[in-house]
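Heads up: the sequence shown at position 182 corresponds to 182 in the working numbering, and the numbers run straight through without jumps. Note sheet for the following structure.
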Amino acid sequence: MILSKTYKPKNIEGKIYKLWEKSGFFKANPRSKKKPFSIIMPPPNANGALHIGHAVFVTLEDIMIRYQRMKGREVLWLPGTDHAGIMTQVVYEKKLAKQGKTRFDLGREEFYKQTYKFSMKNKKKVENQLRRLGASCDWSRSKFTLDPKISEAVFYTFKKMYEDGLIFQGKRIINWCPRCQTALSDLEVDYQERKDSLFYIKYGPLTLATVRPETKFGDTAIAVHPDDKRYKKYINKEIKVKTVLGEVKMKVISDKSIDPKFGTGVVKITPAHDPNDFEISKRHKLEIRQVIGFDGKLNEKAGKYSGMKVLEAREKIVKELGEMGLIEKTDSNYKHNVAVCGRCKTTIEPLISEQWFIKAKKLAAPAIKAVRNKKIEFIPKYFKKNYYHWMENIRDWCISRQIWWGHRIPVWYCQCGEKIVAIEKPKFCPKCKSPKLRQDTDTLDTWFSSGQWPFTVFGWPKKTEDFKYFYPTTILETGWDILFFWVARMIMLGIYSTQKIPFRYVYLHGLVRDKEHQKMSKSKGNVIDPLGVIDLYGADALRMALVFGTSPGRDVIISEDKIVSQRKFTNKIWNASRFVLTNKPSQINADLPAQISKKFVAGKLINADKNLTKADKKILKALDKTVKLVTKNLDDFQFHEAAQNSYHFFWHEFCDYYIEESKKQLQVPDIKHPRSKASLLRGRQTLNILLYVLLTSLKLLHPFMPFITEEIYQKLPLENKRKCLMVEPWPSARSAR
1 MILSKTYKPK
11 NIEGKIYKLW
21 EKSGFFKANP
31 RSKKKPFSII
41 MPPPNANGAL
51 HIGHAVFVTL
61 EDIMIRYQRM
71 KGREVLWLPG
81 TDHAGIMTQV
91 VYEKKLAKQG
101 KTRFDLGREE
111 FYKQTYKFSM
121 KNKKKVENQL
131 RRLGASCDWS
141 RSKFTLDPKI
151 SEAVFYTFKK
161 MYEDGLIFQG
171 KRIINWCPRC
181 QTALSDLEVD
191 YQERKDSLFY
201 IKYGPLTLAT
211 VRPETKFGDT
221 AIAVHPDDKR
231 YKKYINKEIK
241 VKTVLGEVKM
251 KVISDKSIDP
261 KFGTGVVKIT
271 PAHDPNDFEI
281 SKRHKLEIRQ
291 VIGFDGKLNE
301 KAGKYSGMKV
311 LEAREKIVKE
321 LGEMGLIEKT
331 DSNYKHNVAV
341 CGRCKTTIEP
351 LISEQWFIKA
361 KKLAAPAIKA
371 VRNKKIEFIP
381 KYFKKNYYHW
391 MENIRDWCIS
401 RQIWWGHRIP
411 VWYCQCGEKI
421 VAIEKPKFCP
431 KCKSPKLRQD
441 TDTLDTWFSS
451 GQWPFTVFGW
461 PKKTEDFKYF
471 YPTTILETGW
481 DILFFWVARM
491 IMLGIYSTQK
501 IPFRYVYLHG
511 LVRDKEHQKM
521 SKSKGNVIDP
531 LGVIDLYGAD
541 ALRMALVFGT
551 SPGRDVIISE
561 DKIVSQRKFT
571 NKIWNASRFV
581 LTNKPSQINA
591 DLPAQISKKF
601 VAGKLINADK
611 NLTKADKKIL
621 KALDKTVKLV
631 TKNLDDFQFH
641 EAAQNSYHFF
651 WHEFCDYYIE
661 ESKKQLQVPD
671 IKHPRSKASL
681 LRGRQTLNIL
691 LYVLLTSLKL
701 LHPFMPFITE
711 EIYQKLPLEN
721 KRKCLMVEPW
731 PSARSAR
C-alpha cells in the first residue's frame with residue numbers, strides 16, 4: 001500500500017479519528033485484570049471555543065494516555081465540561097445585552113434554561129474541538145458539572161459538611177464586585193499595581209495617611225502600635241476630629257498589627273470596608289458602620305455625598321478637606337496593589353455581607369499531611385512550597401455567589417424560622433409542617449463543585465465499579481496557575497469525602513507565551529488559535545510544537561515558526577515512510593517477504609543474522625538506545641525530552657544516516673553486473689531493517705503525533721497486524737530481550 005506523494009493532514013485526521021472511535025479502544029473496562037491508569041480531564045468551560053492553553057493540557061494528557069495504553073495498562077481518560085458559574089453567566093448576559101435584554105427580563109428560571117441550552121450547544125463544540133486535537137478519551141463517560149447525578153453528589157457533600165460543622169452561614173467581610181454583583185473568594189481576586197494619591201489628613205491632633213478618604217464616614221476608631229512612643233499619650237483616649245460632615249469624637253486604640261512605618265504610624269479603622277480593620281474591630285469590639293452599598297455607591301451615612309460613586313465622592317471630599325485646611329500633604333505617586341475582580345477587572349469593594357463559608361483550616365490539615373507524607377507527589381517538586389504556604393495560611397472559603405447560573409445552595413427557609421439543608425426540596429417544614437418553603441437565592445462557587453470532580457464523575461457517593469477500580473486516579477495534569485483554585489481544593493474535598501487521596505501525582509504545566517515570552521492576549525495581537533493552526537498545519541505539528549522544549553512547570557513558548565518547523569518534521573516522516581514502502585528493486589522482488597513475520601518484529605531474526613552491515617548495526621544500536629531513553633523520559637514525565645529524543649533519532653539517525661546508507665545497499669545492478677545471492681539477501685535484510693526501524697519509530701512518536709503515525713501504520717505490510725497503532729505494544733530494546 002503506497003502513501004500519497006504529499007502529506008495533507010486535512011485529508012487524514014478526520015478519517016483516522018473516526019477509525020479510533022469505531023475501534024472502541026477509547027473505552028475503559030472497570031472489570032479488567034490489568035493495572036488501571038486513569039486521568040480526569042480538567043473540564044473546559046462550556047461557554048466558548050478552546051484556546052491554546054487547552055491544547056497544552058490535551059497534548060500532555062493524551063501523551064500519557066497513549067503511552068500507558070501501549071504499555072498494557074487499562075487506561076481511562078474521562079472527559080467533561082464545566083458550567084463555569086459566573087464566567088458563563090457573564091458571557092450569556094452579554095449575549096442578551098446585544099438583544100437589548102437583561103437576565104431580569106427573563107426571570108431566574110427562564111434565564112437558567114436558556115443558559116443551559118447555550119452551554120449544551122457549546123459543550124458539543126468543545127468535544128468536537130477536543131477530537132480535532134486527537135484526544136483519545138472515553139466519550140461514553142463524558143460528564144458535565146451540572147449533570148443531575150453530579151449535582152446530587154455536590155448537594156450531598158454540602159449537607160454532610162453542614163452537619164459536620166464545616167459549612168456555616170455568617171456575616172463576614174467579603175470581596176464584592178459591584179459590576180458582577182457577587183461575592184468572590186480570595187482566589188478570584190487579582191491585584192493590579194496602581195499609582196494613587198496618598199492623602200495625609202488631620203484627625204484632631206494626629207495626622208494619618210490614607211488612599212480612601214471616602215470611607216472616613218465609616219471610621220469607628222483611630223489606631224497606633226502599642227510600642228510607638230510618639231503616640232503613647234493618646235492611647236485609650238477620645239479625640240475630637242473635624243470632618244466634612246461636622247465634628248465627631250473618636251477613640252484612639254493600640255493594636256500590634258499596625259505598621260509604625262506606614263505613613264505617620266497612625267491609621268483610621270473602618271471595619272466595614274477593610275479586612276484588616278474588620279479583624280481589629282473584632283478584637284476591640286468596635287462599632288461596624290457601612291458607608292458603601294452593594295451598588296458601589298456611598299449610602300445615606302455619607303450625608304450630602306450619598307448616591308455618589310466611590311471615585312466621584314473621593315474627588316469632592318478631598319477638595320472640601322483641602323478647603324477646610326485638613327489635608328497636610330499629598331503623595332501623588334504612591335504605588336500600591338489594588339484588588340480587582342478576576343473576571344471583569346472592576347475594583348473590589350470589601351463589604352460586610354451574610355454569606356456561606358467553609359472552615360477551610362480543618363480541611364487543609366489532612367491535605368497538607370498527604371503531600372508531606374508523599375502520598376501525593378508534585379511534578380515539578382518545587383511547587384510543594386507554594387502549596388504548603390497557601391494551605392498553612394488558608395482562610396475561611398466563601399462559597400456563596402449572588403448569581404443565577406450554577407448549583408443553587410440546597411437550603412430552604414420556613415416562615416417559622418426553621419432552616420432546612422437537604423439534597424432535594426423538602427415537601428414541608430419538619431418543625432411546623434408548613435409546605436411554604438423558600439430556597440436560598442445564592443449559588444455555590446463553581447470551584448466547590450469542580451473540587452469534587454475526581455470522585456463525582458465515578459458515581460460517588462455510590463461505590464460504583466468505576467469508583468472502585470479507577471479511584472483514586474493516577475495523575476492530575478493542569479496549569480500551575482490553578483494550583484490553589486482547583487488542585488488544593490480537590491485534595492481537601494477528596495480526602496474529606498472519600499477518605500482517600502484523589503490522585504497519586506500532580507503534573508503542573510506553565511503558562512503559554514509567545515516567542516518574546518509575552519503572555520498571550522487579544523490586545524497584544526499575539527493570540528494563537530489552536531483550531532486555526534490545525535487547519536493550516538495539522539494537529540500533530542501543533543502538539544509536537546507545544547511539548548518540544550517545554551519542561552514541567554515552565555512556560556510553554558509557542559510561535560508559528562515553531563509550528564512550521566514541526567510541520568516540516570511531519571513531511572520528513574511521510575517522505576521517509578514513502579521511501580520504505582515504495583523501494584522494491586525489481587531484481588529482488590521475488591525474494592522480498594510480503595510481510596514482516598511476528599518472529600522478526602520481536603527482533604530475533606536480526607539477532608540471528610550474522611550478515612549485518614556496519615550501517616545496520618549502527619542504526620539498530622541507536623534505535624535500542626533511543627527506545628530505552630524515550631521510555632525512561634516518559635516514565636519520568638519528561639515529555640519534552642521524550643519528544644526531542646524521538647525527533648532526533650528519526651531525523652538524524654534514521655533519515656540522514658541509515659536511509660542514505662540503505663540506498664547504496666539497495667542499488668539495482670545493471671545487466672552486466674547481476675546481483676549475487678548474498679547481495680539479494682542483504683537487500684532483503686536492508687528492507688526488513690528499514691521497515692522494522694520505521695515501525696518502532698512510529699510507536700515512539702505515536703503519543704506525540706498520533707494522526708500521521710496511525711495513517712502510516714495502516715499502510716505497513718505487517719503480519720498479525722493490530723487494528724490500530726495505538727494498541728500496538730510499546731517497543732523494548734532488543735538488548736533487553
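Here a beta-carbon is modelled for each residue, glycine too, at the ideal position from N, C-alpha and C.
Enclosing beta strand (DSSP E) for residue i [first to last residue]
i	result
Ile222	221–224
His652	First-last for His652: undefined, no H or E at that position.
Arg504	503–509
Asp331	327–341
Asp196	189–203
His626	It should be pointed out that residue 626 corresponds to Thr in this sequence rather than to His. Careful: Thr626 lies outside any beta strand (DSSP E), inside the alpha helix (DSSP H) at 614–635.
Met250	246–254
Gln714	It is not in any beta strand (DSSP E) - Gln714 instead sits in the alpha helix (DSSP H) that spans 706–715.
Check whether residue i and residue j have beta carbons under 9 Å apart
i	j	result
Val252	Ile235	yes
Gly479	Gly53	yes
Val693	Ile63	no
Leu542	Asn611	no
Tyr469	Thr498	no
Leu187	Phe569	no
Ile288	Thr220	yes
Pro552	Leu508	yes
Leu444	Ile399	yes
Ala28	Thr456	no
Thr330	Ser197	yes
Ile173	Pro350	yes
Pro502	Tyr67	no
Gln638	Glu354	no
Tyr92	Arg103	yes
Asp402	Asp466	The sequence given here has Gln at residue 402, not Asp. Not a contact, by the Cβ cut-off of 9 Å.
Gly451	Leu511	no
Ile423	Lys159	yes
Phe448	Asp396	no
Val241	Ile222	yes
Gly80	Pro30	no
Glu21	Gly134	no
Leu690	Leu716	no
Cys341	Arg230	no
Identity of the residue in the options nearest residue i by Cα
i	options	result
Tyr200	Lys362, Ile86, Pro213	Pro213
Phe662	Phe503, Ile63, Ser38, Ile619	Reading off the sequence shown, one finds Ser at residue 662, where the question assumed Phe. Nearest of Phe503, Ile63, Ser38, Ile619 to Ser662, Cα basis: Ile619.
Thr613	Lys319, Leu687, Ala642, Arg179	Leu687
Leu701	Asn583, Asp228, Trp574	Trp574
Pro430	Lys419, Phe144, Asp440	Lys419
Gln129	Gly532, Lys723, Pro271, Asp190	Gly532
Ile491	Trp453, Lys462, Glu424, His517	Trp453
Met739	Gly204, Arg408, Ile269, Val371	Nothing about residue 739 can be read from this structure; the chain reaches only from 1 to 737.
Ala545	Ser521, Leu76, Gly525, Arg513	Arg513
Leu698	Lys664, Phe649, Lys94	Phe649
Thr709	Thr696, Leu718, Lys18	Thr696
Ser306	Val291, Thr446, Leu184	Val291
Ala370	Lys216, Tyr658, Lys625, Arg504	Arg504
Cys432	Gln415, Lys425, Lys95, Asp440	Gln415
8 Å contact criterion, which residue i and residue j should meet: CB distance rounded
i	j	result
Phe707	Ile39	Between Ile39 and Phe707 the Cβ distance is about 21 Å, and since that is not below 8 Å, they are no contact.
Trp405	Gln89	4 Å
Pro9	Ala539	7 Å
Gln192	Val338	5 Å
Bounding residues of the alpha helix (DSSP H) (the contiguous stretch that carries residue i)
i	result
Ser119	108–132
Leu96	85–97
Val267	Unbroken run through Val267 is the beta strand (DSSP E), 267–269; no alpha helix (DSSP H).
Leu60	52–70
Below 8 Å, can you find three or more Cβ-Cβ pairs linking the region 140–155 to the region 94–108?
no
Contact between the region 421–441 and the region 109–124 is defined here as three or more beta-carbon pairs at a separation below 8 Å; is this criterion met?
no
Any contact of the region 723–735 with the region 65–77, i.e. 3+ C-beta pairs under 8 Å?
yes
Touching by the beta-carbon criterion (3+ pairs, under 8 Å), the region 467–483 and the region 32–47
yes
Would the region 258–273 and the region 308–322 be scored as touching if the rule is three or more Cβ pairs under 8 Å?
no
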